[in-house]
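Note sheet for the following structure.
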Amino acid sequence: MERYDAIVIGAGHAGCEASLALARTGNKTLLLTISLDAVSFLACNPSIGGTAKGQLVSEIDALGGEMGIIADKTALQIRILNKGKGPAVQSLRAQADKNAYHIEMKKTLEKEKNLFLRQGEAVSIELDKDDKIVTTSVGLKYVAKALVFATGVYMESEIIIGKTREKTGPNGFKNSHGLSQSLKNLGIELVRFKTGTPVRLHARSVDYSKMEIQKGDEEISTFSFMTEKPIENKSVCYLTYTTPETHEIIRNNLDKAPAISGEIVGVGPRYCPSIETKIVRFADKERHQLFLEPESASTDEMYLQGFSTSMPAEIQKDMVKSVIGLENAEIMRDAYAIEYDCIVPTQLSPSLELKNIKGMFFAGQINGTSGYEEAAAQGIIAGINANLYLKGKEPLILKRSDAYIGVLIDDIVTKGTNEPYRMMTSRAEYRLLLRQDNADIRLTEIGRRVGLVSDERYKKYQEKLEKMQKIEEKLEKKVKINENLINFFKNHQENPPKESIKYKDMLKRVNIDIFDINKEFNLFDEDYNLLEKVNIKIKYEGYLKQQEEDIQKTQANEKLSIPADFSYENIKGLRKEAIEKLEKIRPLTIAQASRISGVSPADISILTILVKNAKKDKKI
């Protein structure tokens, strides 16, 4: 048996971040994957980021992760979503080069000195005291103290197109056999979920003149705080729509749709439904938006976002040709649904460690989540905590007020999920604080503390803080009232001040931002992104202060920990449902207990008193 400090099973987005986090903190790490050709593969949409997901990518980056760096390096187009709305819901999205992303991430893994990348299918897990023994399909055995499961959608997966079922993974890659049963043998509860992906079309067969062009931003932001070279928009995307004919074709063939007929038993994502589900659910809607996006600069394949389906191939052809601009479309790859096994995530602690088996961590779609970004976010936390476990240290648990990553993990381990979980801004109660632009300010110190933030990154972060401080100092200066100042305010539809005013106070006017001030008074010579960060910080100062006060009010319950051996069984006044849920989840704090579905405020009041008394008795 070959011995390692840690083994990571699966080299998707979760597995890559977990293995890099482990290797970079000094652990001899084996990354085991079914296929080296599937490393960090963008199996569905060739994009990184999006609403709330962009925040996750920058948070991964701030902690010392890799996804943002590779996304910036391989972006074909990049733009801010929800630009017309407030900063709390703005997110960065990049159209990534699918092939280049895989190549760049694989090269990064190969260059990491403590990381050993190995093709091989894990088929069973055995426990020997603290050791975890992984056996592959060809009989090789590997042993380690820490094990991270990041198997994605590959466990006992099946591709479904109409009545055709094929036991394979995404994109025709080999799937995983045996691991599901091995997990069941360890007492781990599994469920069956489903997701899907649209058709791929040949670029030459599309009539772009009938579609609306979607260009990238002129002022280009980045995911990674390490990216210095400006990103160029190399491609454009296109917006088109379904037609009444599309809807009629689908309605006439609903009996052949596995997602509708009940042939698919796995639960699909509510927020990313198949096109046939959309037609049934929104029966009165005349048309649905679709986006045509490039897969890579090295191929002519185009991705039809919003057109996920598991209809038979011959019907897919008719459906596609009924879409505006796709009358002569050539399908290169059929759309499909995929069913797979995943675990019930409430079996995990907030560190993503299995509650009943120490040193075994789970990350990514195996935890019932969807999306590359959600997977990578869990991956870096699982990797960090596997390292801390190996070193005998307390785990890193990000709070809901710390990061979107904290919201994501708290949601799945506390509430569970009955469908593939997707991160959204509405899930984060402190979303104005958890913006994409300030992810490094929130998390870089944490990443440094756990050993992932390099000297180079940390130096750059400190330099940024110094630059921001100098910008804010300049904004503290006052401008005397004069004709130019009065005209400046009038030109921006604001009432002029009656006396001298600080630049900072000008920023608090609705129609004036830091760029207007800089254009008029020529104060700064800093880049766009840095000025924008200061602009948001000052403009929303009052709202931010209110959210910080709200966080302070909830901190008492976050700090009130529940003893690991606390018994809920015989507590008078707790309802039966609450006792069952509390025993199953075993919350770490009163705050976490309060977020469990089925535990009422009255239950929390009783529990708080008893926990405080138990702690007092122990002190006595």
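77 is the number of the first residue of the sequence shown in the numbering used here; add one for each residue after it.
Beta carbons: idealized from backbone N, C-alpha and C, even for Gly.
{"Item": "Residues that DSSP places opposite Arg-327 in a beta bridge", "Value": "Paired residue(s): none; Arg-327 is not in a bridge."}
{"Item": "Own chain, CB closer than 7 Å to Ile-588, minus 5 neighbours either side, in chain order", "Value": "His-568, Glu-570 and Met-582"}
{"Item": "Secondary structure of Asp-417, DSSP reduced to three states", "Value": "strand"}
{"Item": "Simplified DSSP state of Thr-101, which is helix, strand or coil", "Value": "coil"}
{"Item": "C-alpha gap between Gly-401 and Tyr-465, whole angstroms", "Value": "55 Å"}
{"Item": "Under 8 Å between C-beta atoms of Pro-388 and Gly-245", "Value": "no"}
{"Item": "Nearest residue (CA-CA) to Asp-293, options Asn-247, Met-500 and Pro-306", "Value": "Pro-306"}
{"Item": "From Pro-471, Thr-445 and Asn-689, residue whose alpha carbon lies closest to that of Lys-434", "Value": "Pro-471"}
{"Item": "Outcome for Gln-631 when other beta-carbon atoms lying within 10 angstroms are tallied against a minimum of 16", "Value": "exposed"}
{"Item": "Burial state of Thr-520, where buried means 16 or more other Cβ atoms lie within 10 Å", "Value": "buried"}
{"Item": "Where the beta strand (DSSP E) containing Gln-153 begins and where it ends", "Value": "151-157"}
{"Item": "Any beta strand (DSSP E) of 3 or more consecutive residues that is wholly inside the stretch 365-426", "Value": "365-370, 377-381, 407-409 and 412-419"}
{"Item": "Range of the contiguous alpha helix (DSSP H) that encloses His-178", "Value": "174-187"}
{"Item": "Bridge-paired residues (DSSP) for Thr-665", "Value": "Ser-637"}
{"Item": "Whole-Å CB distance - Met-408 paired with Glu-449, under 8 Å assumed", "Value": "The Cβ separation is near 26 Å, so there is no contact."}
{"Item": "Opposing strand residues paired with Thr-630 [DSSP bridges]", "Value": "Answer by DSSP bridge pairing: none, since Thr-630 is not bridged."}
{"Item": "Cβ shell of Val-489 (< 7 Å), same chain only, five flanking positions each side left out", "Value": "Pro-421, Thr-422, Leu-424, Ser-425 and Pro-426"}
{"Item": "Contact set for Asp-283: own chain, Cβ-Cβ below 6 Å, skip 5 residues either direction", "Value": "Gly-401"}
{"Item": "C-alpha gap between Glu-608 and Val-165, whole angstroms", "Value": "15 Å"}
{"Item": "Strand pairing of Ala-222, partner residues [DSSP]", "Value": "Ala-82"}
{"Item": "Paired residues, beta bridge with Thr-240 - DSSP", "Value": "Ile-237"}
{"Item": "Beta carbon of Gly-126 nearer than 8 Å to that of Gly-455", "Value": "no"}
{"Item": "Cα-Cα separation between Glu-215 and Lys-250, rounded to whole angstroms", "Value": "One detail in the question is off: residue 215 reads as Gly in this sequence, not Glu. The alpha-carbon atoms of Gly-215 and Lys-250 are separated by roughly 18 Å."}
{"Item": "Cβ shell of Gln-441 (< 7 Å), same chain only, five flanking positions each side left out", "Value": "Gly-228, Val-229, Cys-418 and Ala-451"}
{"Item": "Assumed close pair His-116, Leu-191 - CB separation to whole angstroms, cut-off 8 Å", "Value": "In the sequence under discussion, the amino acid at residue 116 is Ser, which differs from the His named in the question. 13 Å between Cβ atoms; not a contact."}
{"Item": "Between the CA atoms of Lys-688 and Ile-696 - distance to the nearest angstrom", "Value": "Interpretation of Ile-696 is limited by its pLDDT of 35, a score under 50 that renders its predicted location unreliable; no figure is taken from the coordinates."}
{"Item": "Leu-484, enclosing alpha helix (DSSP H) - first and last residue", "Value": "480-486"}
{"Item": "Residue range of the alpha helix (DSSP H) that includes Ser-477", "Value": "Careful: Ser-477 lies outside any alpha helix (DSSP H) and carries neither H nor E."}
{"Item": "Limits of the unbroken alpha helix (DSSP H) element including Gly-272", "Value": "Careful: Gly-272 lies outside any alpha helix (DSSP H), inside the beta strand (DSSP E) at 266-273."}
{"Item": "Any alpha helix (DSSP H) of 4 or more consecutive residues that is wholly inside the stretch 544-622", "Value": "559-567, 579-583, 590-597 and 604-615"}
{"Item": "Meets three-Cβ-pair contact criterion under 8 Å: the stretch 381-400 and the stretch 126-139", "Value": "no"}
{"Item": "Ile-236 beta carbon less than 8 Å from that of Tyr-379", "Value": "no"}
{"Item": "Residue-chain proximity (Asn-594, chain B), Cβ-Cβ < 8 Å", "Value": "This model lacks chain B altogether; it includes just one protein chain."}
{"Item": "Inter-residue spacing [alpha-carbon to alpha-carbon] between Leu-330 and Phe-437", "Value": "41 Å"}
{"Item": "Integer-rounded CB distance, given that Arg-503 should sit under 8 Å from Asp-487", "Value": "6 Å"}
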